[in-house]
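Notes for the one structure printed next.
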Amino acid sequence: MGMSYALFEERVIDRHSGHVLNANLEQYRIGRSRETPQIEMILLENYQGTSATDAYGIAEPSNIATAPAIANAVYNAIGVRIRELPMTPAVILAALGRIPARRTGA
596 MGMSYALFEE
606 RVIDRHSGHV
616 LNANLEQYRI
626 GRSRETPQIE
636 MILLENYQGT
646 SATDAYGIAE
656 PSNIATAPAI
666 ANAVYNAIGV
676 RIRELPMTPA
686 VILAALGRIP
696 ARRTGA
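Using the working numbering, the first residue of the sequence shown is number 596, and each one after it goes up by one.
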């Protein structure tokens with residue numbers, strides 16, 4: 596979910612009516628199994644829930660850090676900070692166009 600949010604998901608909203616223009620799965624792009632890397636899950640027994648069933652959420656906290664982690668990986672790869680989601684190829688190419696000319700040493 597976090598990878599999909601960082602790289603694919605973009606709501607298109609009509610500025611005049613406020614209606615979502617891509618409100619279906621045909622037009623709203625999400626990450627699919629082809630784009631998802633192999634994920635190794637490690638399940639730890641931990642009984643610290645605060646409800647009567649001793650259950651608590653485990654998926655949401657990992658989604659919080661995913662987009663910033665991908666943005667840092669992109670920064671490490673290309674040397675430009677991307678501060679816009681989704682980080683599509685068009686966004687990255689536009690950011691690369693903002694790189695000041697680098698001088699070569701003589």
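From the three backbone atoms N, C-alpha and C, an ideal C-beta is built for every residue, glycine too.
Range covered by the alpha helix (DSSP H) that runs through residue 661: Here the question's residue 661 lines up with position 66 in the sequence shown. Start and end: 655 to 673.
Rounded to whole angstroms, what's the CA-CA distance from residue 683 to residue 635? Just pull it up for me. What you label residue 683 is simply residue 88 of the sequence shown in a count that begins at 1. What you label residue 635 is simply residue 40 of the sequence shown in a count that begins at 1. Going from the Cα of residue 683 to the Cα of residue 635 covers about 26 Å.
Is residue 601 closer than 7 Å to residue 661 when the C-beta atoms are compared? Within the sequence shown, numbered from 1, the residue matching residue 661 stands at position 66. Within the sequence shown, numbered from 1, the residue matching residue 601 stands at position 6. Pairing residue 661 with residue 601 gives a Cβ-Cβ distance under 7 Å.
Just verifying my parser: in three-state terms, what is the DSSP assignment at residue 607? What you label residue 607 is simply residue 12 of the sequence shown in a count that begins at 1. The answer is coil: DSSP assigns residue 607 none of H, G, I, E or B.
Where residue 682 falls: helix, strand or coil (DSSP): Position 87 of the sequence shown holds residue 682. Here residue 682 sits in coil by DSSP.
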